[in-house]
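J.: The structure's right below; bear with me while I get my questions together.
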Amino acid sequence: MLSTVRDGDRLAGLRAGGAVVQRFGLALDGNACGPLWAAEPMAIEIKSPREIEAIRVSSQMAAETLLLVGDQLGPGMSTEEINRIVHEDTVRRGAIPSPLNYHGFPKSVCTSVNDVVCHGIPGAQVLRNGDIINVDVTTFYNGFHGDTSATFYIGEPSPEARHVTEVARRSLELGIAQVREGARLNDIGAAIQEFAEAQGCSVVRQFVGHGIGRKFHEPPQVAHYKPLGGSNPRLRAGMVFTIEPMINLGEWEVEVLDDDWTAVTRDRSLSAQFEHTVAVTKNGCEVLTRRSRPLKHSEIFPTVLSP
Ligand code: MF3
Ligand code: CO
Ligand code: CO
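Going left to right, the sequence shown walks through residues 75 to 381 as the working numbering numbers them.
As structure tokens, then:
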């Protein structure tokens, strides 16, 4: 549906940020950020209970669509087929797939296979036994976005694929566990980096989590590592943002392919990612994209990594 262009994000057309920050220079680590992100208001919005309810609705749609993808995934399926499933399920709900036409992104979902870190474009690639794939679903409904992703196993994973995927899964859980009113934003990334590196993995720096609501990407930027310098605000009840650690089996550096979207590990090592949209509360947080049941082809191993 080309009516997706009605999303105010895309009409504005000049905004960027969140997971696309890499294109405009890093705002973290005290480096100057690019002109587009710098033009954004830096304040972190506090959402009202009504706004959070609306984000919860969009988030639950995204979560249900991700569950549907998990039900249907398997060897022999193309990433284009995943795009079709996500697009049709989203539209069936009366919603819009946020990625479609977002800063020119050509498809309705990101599908990132093996050494693709994020922003993989669905196409002719056929999934094969042993692949891992992150499917990143964002749903725009009633003026609000909800954003969630998971990494899935195609057939039997290698020990390496299983390791990086389970480390990424646990990294998200540990990041979420930091969130409560009064904690500091950078506590999230510090906890993730400490864990992931202790497991022999690395944490991607170029892409970060992001505030979300009426806009797909808005302040704050949520690093998944411990930033050196820069502001480190306290979290307040009513803040809504994503946590979406990208964890590499090798080194953390990424490069973007000639399609201007697909980000791969520079050393071509495997990369895995999980993402939730969360709302800060007084005592913790609410995972707005929480799932109603386990994710097929992903949540299949007992949790063996210690906290
Ligand atoms: N869903 C991604 C995120 O987690 C953003 C995808 S932007 C797109 O922030 F244009 F590639 F879809
Ligand atoms: Co996101
Ligand atoms: Co996402």
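Glycine is no exception: its CB is placed at the ideal position from the N, C-alpha and C atoms.
Between H291 and ligand 2, is the CB less than 8 Å from at least one heavy atom?
T.: Correct: H291 has its Cβ closer than 8 Å to ligand 2.
J.: For I321, write down the residues that DSSP places opposite it in a beta bridge.
T.: DSSP, once it has assigned bridges, lists V277 and A346 as partnering I321.
J.: Give me the residue from A128, E127 and T139 with the minimum Cα distance to R367.
T.: Among A128, E127 and T139, the Cα nearest to that of R367 belongs to T139.
J.: Distance check for Q273 and S245, CA to CA, integer angstroms please.
T.: Roughly 10 Å separates the two Cα atoms.
J.: Kindly indicate which three-state DSSP category Y299 falls into: helix, strand or coil?
T.: It is coil, neither helix nor strand.
J.: For G144, name the three-state secondary structure that DSSP assigns.
T.: G144 falls in the helix class under three-state DSSP.
J.: What is the C-beta distance between M320 and F281, in whole angstroms, given that I count them as a contact (C-beta under 8 Å)?
T.: Confirmed, Cβ separation roughly 6 Å.
J.: State the Cα-Cα distance for the pair N322 and S343, rounded to the nearest angstrom.
T.: If I take the Cα positions, the gap works out to 7 Å.
J.: Check each candidate in G324, K289, A270 and F290 and name the one with the smallest Cα separation from Y299.
T.: The option with the nearest alpha carbon to Y299 is A270.
J.: Alpha carbon to alpha carbon, how far is D189 from E327? Give it in angstroms, no decimals.
T.: Approximately 12 Å between the Cα atoms of the pair.
J.: Do you know offhand how far G283's Cα is from N203's?
T.: Going by the C-alpha atoms only, they are around 30 Å apart.
J.: Pull the bridge partners of T351 from the DSSP assignment, please.
T.: DSSP lists T316 as partners of T351.
J.: DSSP has F226 in a bridge; who is on the other side?
T.: DSSP, once it has assigned bridges, lists I207 as partnering F226.
J.: With which residues is D221 paired in a DSSP beta bridge?
T.: DSSP, once it has assigned bridges, lists T212 as partnering D221.
J.: Any idea what DSSP makes of S245, helix, strand or coil?
T.: Three-state result, S245: helix.
J.: Where does Q132 sit, in a helix, a strand or coil, going by DSSP?
T.: Reading off the sequence, residue 132 comes out as Ser, not Gln. Helix, per DSSP.
J.: Does DSSP put P109 in a helix, in a strand, or in coil?
T.: Confidence at P109 is low in this model, with a pLDDT of 36, below 50, so the placement of that residue should be treated as unreliable; the coordinate-derived value is given next. Correct three-state label for P109: helix.
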